Amino acid sequence: MDTHGQAGGAGTAPTTHAVRLERLAEVAVKVGLGLRPGQELVITAPLETVSLVRAITEQAYKAGASLVTTFYSDDAATLARFAYAPEEAFDTAAGWLYSGMAEAYRNGAARLAVAGDDPSLLAGQDTARVSRANRARSQAYVPALELIANFSTNWTIVSAATTPWARTVFPDLPEDAAVSRLWDAIFSASRVDGPDPIAAWEAHNAALHARMGALNAHRFAALRFTGPGTDLTVGLADDHEWCGGASVSRSGITCNANIPTEEVFTTPHKDRVDGVVTSTKPLSYQGTLIDGIRVRFEAGRIVEAEARTGGAVLAKVLETDAGARQLGEVALVPASSAISASGLLFYNTLYDENAASHIALGQAYSKCFVNGGAEFSEADLVARGANRSLIHIDWMIGSAEIDVDGLTAEGRAIPVMRAGEWID
Ligand code: ZN
Ligand code: ZN
Numbered sequence: 086m087d088t089h090g091q092a093g094g095a096g097t098a099p100t101t102h103a104v105r106l107e108r109l110a111e112v113a114v115k116v117g118l119g120l121r122p123g124q125e126l127v128i129t130a131p132l133e134t135v136s137l138v139r140a141i142t143e144q145a146y147k148a149g150a151s152l153v154t155t156f157y158s159d160d161a162a163t164l165a166r167f168a169y170a171p172e173e174a175f176d177t178a179a180g181w182l183y184s185g186m187a188e189a190y191r192n193g194a195a196r197l198a199v200a201g202d203d204p205s206l207l208a209g210q211d212t213a214r215v216s217r218a219n220r221a222r223s224q225a226y227v228p229a230l231e232l233i234a235n236f237s238t239n240w241t242i243v244s245a246a247t248t249p250w251a252r253t254v255f256p257d258l259p260e261d262a263a264v265s266r267l268w269d270a271i272f273s274a275s276r277v278d279g280p281d282p283i284a285a286w287e288a289h290n291a292a293l294h295a296r297m298g299a300l301n302a303h304r305f306a307a308l309r310f311t312g313p314g315t316d317l318t319v320g321l322a323d324d325h326e327w328c329g330g331a332s333v334s335r336s337g338i339t340c341n342a343n344i345p346t347e348e349v350f351t352t353p354h355k356d357r358v359d360g361v362v363t364s365t366k367p368l369s370y371q372g373t374l375i376d377g378i379r380v381r382f383e384a385g386r387i388v389e390a391e392a393r394t395g396g397a398v399l400a401k402v403l404e405t406d407a408g409a410r411q412l413g414e415v416a417l418v419p420a421s422s423a424i425s426a427s428g429l430l431f432y433n434t435l436y437d438e439n440a441a442s443h444i445a446l447g448q449a450y451s452k453c454f455v456n457g458g459a460e461f462s463e464a465d466l467v468a469r470g471a472n473r474s475l476i477h478i479d480w481m482i483g484s485a486e487i488d489v490d491g492l493t494a495e496g497r498a499i500p501v502m503r504a505g506e507w508i509d
């Protein structure tokens, strides 16, 4: 085993942090992005994740990247805005930046986001200001988000441990121990613990693809989720297809958009969702924790919504636009997934959504249609039930207490999951 130093004594040296960081960077570039020689890469990352960003940058250049450009965000700078910026400034967003990113993606640049934000950074701030800032950013982001959501280019999101995030996940541990435990969880969930992470990802992708194939073969008209506080029927979009694991961008590059990923997912029909559903994990949304969500859908739209905490932010989110009350994704994840088995609540959607079956409010992925949606115009997609919105917010509804049935066009129920586990 190559441990790159710190080998200590004889025998099998422990895999050091540095080695696992390098493996994570390699997985991000080779598996996450499938970066091609000559490609540009645009990275967005919190300032505190610079060690991973530097490792990724090195791997990207080794893979032949022509130019890596990183935009860092800084929690202290964000808080300074809320402390000192003039009231009228909260509708401002860096539209020029997102237009530039969109131009880069159109010209073939790959996109990598590092997630590691403080889950409650804006918890103490004025809700109206937070939602104005979020809305302005969402609107400015549209040109770039559209290209990402339809996989015009190859992209991925990976996580890195930061102190505020680690403190949230492990509130009882000293800071250093908390950060170290969070890194362990990230390395393990990202499958970089073993000696050959690339092979581990090939096997994982094959398993996810087999699951997708089985679901696609059923051509279910709807899924029904039942359990405590939940009886929800989610109609699936016409000509939908299940997605998961590695996928091919419209530019022909195979990438894994989320590291880690445990989900298979598809596009619901925006007008065919009915019933009640209760969240099974808190949702960490741009610095606010929304917990104990319970909503009722009628003909696809949320007609009643409440939350035990963060209800005011949830209400604002639902007012974002017409599509914010409708679904853009439904995803199945077994309750025994590696991330779920860790027993941790990560307060980070990339992790928590891969620990439980979930639905997403807002924008649908046009990729989850036959032939990757390539033959459908925007109007075709909407006609088949694809939702359109400025937001896409994943929200966990699965657990070991939830059953899932597939409903055929004739209304026959076929068990898909029992007590949160796949029926094979
Ligand atoms: Zn998802
Ligand atoms: Zn999602």
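So the mapping is simple: my numbering equals the position in the sequence shown, first residue as 1, plus 85. For every residue, glycine included, the Cβ atom is placed at its ideal position computed from N, Cα and C. Model, not experiment: these values are computed from the prediction.
query                                                                                                                  : result
Spatial neighbours of Leu293 in its chain, beta-carbon cut-off 7 Å, leaving aside the 5 residues before and after      : Gly329, Gly330, Val349
For review: beta carbons within less than 7 Å of any heavy atom in ligand 1                                            : Glu348, Phe350, Glu414, Ala416, Glu438, His443, Ala445, Asp479
Check: His477 C-beta below 7 Å from any heavy atom of ligand 2                                                         : yes
Backbone CA spacing between Ala113 and Glu495 [nearest angstrom]                                                       : 43 Å
DSSP-derived helix/strand/coil call for Gly395                                                                         : coil
Cβ neighbour criterion (16 or more within 10 Å) applied to Ala504                                                      : exposed
Nearest-angstrom Cα separation, counted from Leu446 out to Asp479                                                      : 7 Å
Glu389 to Phe305 span [Cα, whole Å]                                                                                    : 27 Å
The stretch 419 to 433 / the stretch 350 to 360 touching (three or more Cβ pairs under 8 Å)                            : no
Straight-line Cα distance separating Glu287 from Gly279                                                                : 13 Å
Beta-carbon proximity check, Lys401 vs Asn235, cutoff 8 Å                                                              : no
For Lys401, three-class secondary structure by DSSP                                                                    : helix
Per-residue burial, Glu438 [other beta carbons within 10 Å of its own, 16 or more giving buried]                       : buried
Helix, strand or coil at Ala285 according to DSSP, with G and I counted as helix                                       : helix
Check whether Gly408 and Arg469 have beta carbons under 8 Å apart                                                      : no
Residue from Leu258, Gly413, Tyr183, Pro367 whose Cα sits closest to the Cα of Gln513                                  : In this structure the chain extends from 86 to 509, so residue 513 is not present and cannot be described.
Test item: CB-CB of Met481 and Ala441 under 8 Å                                                                        : yes
Span of the alpha helix (DSSP H), counted from its first residue to its last, around Val264                            : 260 to 274
Arg108 classed as buried or exposed, judged by whether at least 16 other C-beta atoms fall within 10 angstroms         : buried
Length at least 3, wholly inside the stretch 136 to 200: the beta strand (DSSP E) runs in chain order                  : 152 to 158, 195 to 200
Rounded separation between Leu300 and Gln210 - CA only                                                                 : 44 Å
Beta strand (DSSP E) segment containing His325, residue limits                                                         : That residue, His325, is in no beta strand (DSSP E); it is neither H nor E in DSSP.
Whole-angstrom C-beta distance between Cys340 and Gly119, which should lie under 8 Å                                   : 5 Å
Residues of its chain near Gly96, where Cβ-Cβ distance is below 8 Å and the 5 sequence neighbours each way are ignored : Caution is warranted here: a pLDDT of 43 is assigned to Gly96, below 50, making its placement in the model unreliable, and no coordinate value can be reported.
Touch test, the stretch 140 to 153 against the stretch 163 to 178, Cβ-Cβ under 8 Å, three pairs minimum                : no
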